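Top line first, the protein sequences correspond to chains A and B.
Numbering-wise, the numbering used here puts 1268 at position 229 of the first sequence, and it's gapless, one number per residue.
Numbering-wise, the numbering used here puts 1447 at position 88 of the second sequence, and it's gapless, one number per residue.
Beta carbons: idealized from backbone N, C-alpha and C, even for Gly.
It should be emphasised that the depicted structure is a prediction, and the values quoted were computed from it without experimental measurement.
Working notes, structure below.
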Amino acid sequence: MNASFTANHILDIASLSEEDIFYILKLALNLKEILHRPIPKVPTLRGKLVALMFFEASTRTRLSFERAAKSLSADTLSFTARMSSVEKGETLLDTILNLESMGVDLFIIRHAMAGTPHFVAKHSRARVINAGDGFHAHPTQALLDMLTVYQKKKTLSGLKIAIIGDIKHSRVAHSNIVGFRKMGSEVYVAGPATMLPLEREALGARVCYRIETALDQADVVMALRVQKERHGRALLPSVREYAQEFGLNLKRLELAQKDCLLMHPGPVNWGVELAPELQNDPRNVILEQVENGVAVRMALLVALLGGNA
Amino acid sequence: MSLLLQGGRVIDPSQGIDAVLDILIENGQVKALGERLSGQGARKIDCHGLIITPGLIDMHVHLREPGEEWKETIATGTLAAAAGGFTAVACMPNTQPPNDNAEVTRFILKKASQEAFTRVYPIACITKGQKGTQLTEFGDLKRAGAVALSDDGRPVPDAFMMRLALEYAKNFGLPVISHAEELSLSQGGHVNEGLASATLGLKGIPAEGEAIAVFREIMLAKLTDAPVHIAHVSTKVAVEIIRWAKKQGIPVTAETAPHYFTLTEEAALGYNTYAKVNPPLRSAEDREAICQALSDGTIDAIATDHAPHSDLEKFIEFEQAAFGLVGLETALALALRLVNQGLLSLSRAIALLSTNPARILKIAGGSLRVGSPGDVTVIDLEKKWVPRKENLHSQGKNSPFLGWELQGQAVMTIVEGKITFSRM
């Protein structure tokens, strides 16, 4: 393993250093090439066992991790909370310890409760990657977002990043605020005020009550999915009003830099947070984010499990 | 048998005493207090270099019995209390079943008379099943031995219901203790709203929610002219409201817990479930305001809110982990920390831990006046010790202070003239 990468687990962006982040991004750029080979597979992690522990629904992240692991020839175990002993009341700790006994080297954990990957890391000998925990963190998403921006802008500092949508209940926003600020950029957040953090909870992001303030001269515009299923109570009068007041369209994007990047962690509600007219817009890099997602996850697996990339 | 404690520094805030004196306890009562008492036939205990105070009283503990005996029992909880220097505890009613009828009150007192290491004062529910809809039988409960009323763990959700409780309690002279929390703001929260909620990605519990609830109780106390006691005050805003109310002459008293004057929300970072407690640990600014309120009299009592849980409730995902921490065995040392930091006088600390809780609950004790109960705590201010899972007597090991280097410990606890715990 390279001496310049020091983390044992990837639990959140806050616990990674700037050097760690650059190390991962550069490694990801190198590994990305593998995905374009006729046979996109290398033996780097042969014999390593990776468990995909998804206690919460996921398509992109889970498949992206699986693709990354398989490209590196790691073996994968797939776990979903449904159809497992979790339904019989097995505790998380027991589930983890049992899998550890089967020889798991690394757990990839997605859980609806914040802090669960930290809990596992504390009590297991294996490595842990947080694939999204509650409203807390989604570090691999932030890393792939940073990779996409780094690739296009050749820098991660001095940029204005605008994140629009349900900031308060978004682990993606949380990790991106921490990550982009750590790398020296400014982060502005906007959206319905019922979905915005108060200043004291904003982690240093600038909270804007007018979407225009956030979009003005932005280098990166990131829209978030309106997560209707997250809210016990309606925080919005209607989806229609959301689209009207906070949805991104051609006209609103005119406020941002001409060469801004339009990003979205997916899945997109077209017609809600993004107008359909943006689907083929040259500024739209949503599918590149997905490809970078595989590369970043390959880099993380290599960084944590070793092997010669 | 009688006891003669010789040569200790007696601190009794109820009489304004701070002097080296002997104290004679006979027939379960303080018989004499003075210099060089003879105490013929009494067992003599050398207390030179030690502090002697009226027995400490914790007016807010959870003994978990009946119903959750894997967490704590009346025997183990009061043993922990005695080890911590307490001679009496008042136990909250959120047991299984809850203490909302005289039968449960009698059960607790019967168990206590057989097994307890301290006096046990049951606090009964304000409303049946703590559901907030129907008053319990205050008269019957008082006759069975309840000393106060509280739906602790849950607020009385409805202001009118709380008004009825304050009014009806006047008939029986029972203090009403409020767990002040605006539920609609706190529901689903796990840590303080602010640094902790933002860093941990958890729903926060805002300080203002406590303030709203405290203000409601104070307005109701004003309206009904009935005393209300605010449990576990954790915020600066609540302190300010209580300070204002006291100036107005509204009959309000308040307690805080050692974790609120010692820790901040940072203790929960890293998802430390032993620091998950309700109300949550707050900001540094709140902590300072609590310390100030302890010294200026805004807060009347230190109570632990001792809330034992097993690792079944704590060794799990943070959001699922139970609220609460154990406090009986560390409370005295943490209060003495404030004394060592110059924030409290020793006498004020003892008033907060003994004299004032007795006054608020209208129970015997809190004083070494001749004729008072022979409840005495002997304290070694110099003793250094480290709380560890292995040396805590409580069944609950869920303390955020494990591994801390503390100074000051009770070395002898005497209840009704009998030594219930000794390190001498």
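In this structure, A/Leu1300 lies away from A/Asp1205, with their beta-carbon atoms at least 8 Å apart. Under the three-state reduction of DSSP output, A/Val1259 falls in the strand class. Per DSSP, A/Asn1169 is one residue of the beta strand (DSSP E) stretching across Arg1166 to Asp1172. For A/Ala1338, the closest of A/Ala1046, A/Lys1065, A/Leu1254 and A/Leu1055 by C-alpha to C-alpha distance is A/Lys1065. Contacts between A/Ala1253 and chain B, judged by CB atoms closer than 8 Å, are missing: the closest CB pair is about 19 Å apart. When secondary structure is reduced to three states using DSSP, B/Lys1742 falls in the strand class.
With respect to chain A, the C-beta atom of B/Gly1563 has a partner C-beta closer than 8 Å.
When DSSP states are grouped into helix, strand and coil, A/Ala1176 belongs to the strand group. Burial check for A/Ser1117: the Cβ neighbour count within 10 Å stays below 16, so the residue is exposed. Bridge pairing for A/Trp1309: A/Leu1313 [DSSP]. Between B/Ala1717 and B/Ile1416, the beta carbon gap of about 6 Å places them in contact (Cβ cut-off 8 Å). Under the 8 Å criterion on CB atoms, B/Leu1544 is classed as non-interfacial with respect to chain A. For B/Pro1732, DSSP records a beta bridge to B/Gln1388. A direct Cα-Cα distance of roughly 59 Å separates A/Gly1171 from B/Cys1406. Close to B/Leu1559, with beta-carbon spacing below 8 Å, are these residues of chain A in chain order: Ala1153, Gly1154 and His1175. Assignment of B/Asp1405 by DSSP, reduced to helix, strand and coil, places it in the strand class.
Interface flag for A/His1048 against chain B is unset, since no Cβ pair is found closer than 8 Å.
In terms of CA proximity to B/Ala1528, B/Thr1495 leads the group B/His1538, B/Arg1513, B/Leu1362 and B/Thr1495. Separation of A/Leu1313 and A/Ile1250 (C-alpha to C-alpha, rounded to the nearest whole angstrom) is 14 Å. A/Phe1158 reaches chain B at Tyr1630, Ile1675, Glu1676 and Phe1677, counting residues in chain order whose Cβ is nearer than 8 Å. For B/Gly1767, there is no enclosing alpha helix (DSSP H); the enclosing beta strand (DSSP E) has its first and last residue at Leu1765 to Val1774. When rounded, the separation of the alpha-carbon atoms in A/Arg1106 and A/Gly1197 is 33 Å.
Three or more Cβ pairs closer than 8 Å define a contact, and the region 1390-1409 of chain B falls short of that threshold against the region 1440-1458 of chain B. Checking the DSSP bridge columns, you'll see B/Leu1362 partnered with B/Ile1384 and B/Arg1402.
Your pair A/Leu1344 and A/Asp1059 does not check out as a contact, with CB atoms roughly 16 Å apart and the cut at 8 Å. Rounded to whole angstroms, B/Glu1394 and B/Ile1382 show a C-alpha spacing of 8 Å.
Annotation for B/Tyr1630: Phe1677 place their beta carbon closer than 6 Å to its own, counting only its chain and skipping 5 residues before and after. In the structure shown, A/Tyr1227 adopts extended strand secondary structure according to DSSP, grouped into three states.
Contact of A/Arg1210 with chain B by beta-carbon distance below 9 Å involves Gly1560. Under the Cβ criterion of 8 Å, A/Leu1242 is counted among the residues facing chain B.
By the CB criterion at 8 Å, B/Ser1373 and B/Gly1725 fall inside the cutoff.
Taking a C-beta distance under 8 Å as the contact criterion, B/Thr1663 and B/Leu1687 qualify as a contact pair. With fewer than 16 other Cβ atoms inside 10 Å of its own Cβ, B/Leu1671 counts as exposed. Linking A/Phe1093 to A/Leu1050 through their CA atoms gives a straight-line distance of about 15 Å.
Contact note: A/His1213 reaches chain B through Gly1560, using a C-beta cutoff of 7 Å and chain order. Neighbours of A/Thr1130 in chain B, taken as residues whose beta carbon is under 7 Å from its own, are Ile1675 in chain order.
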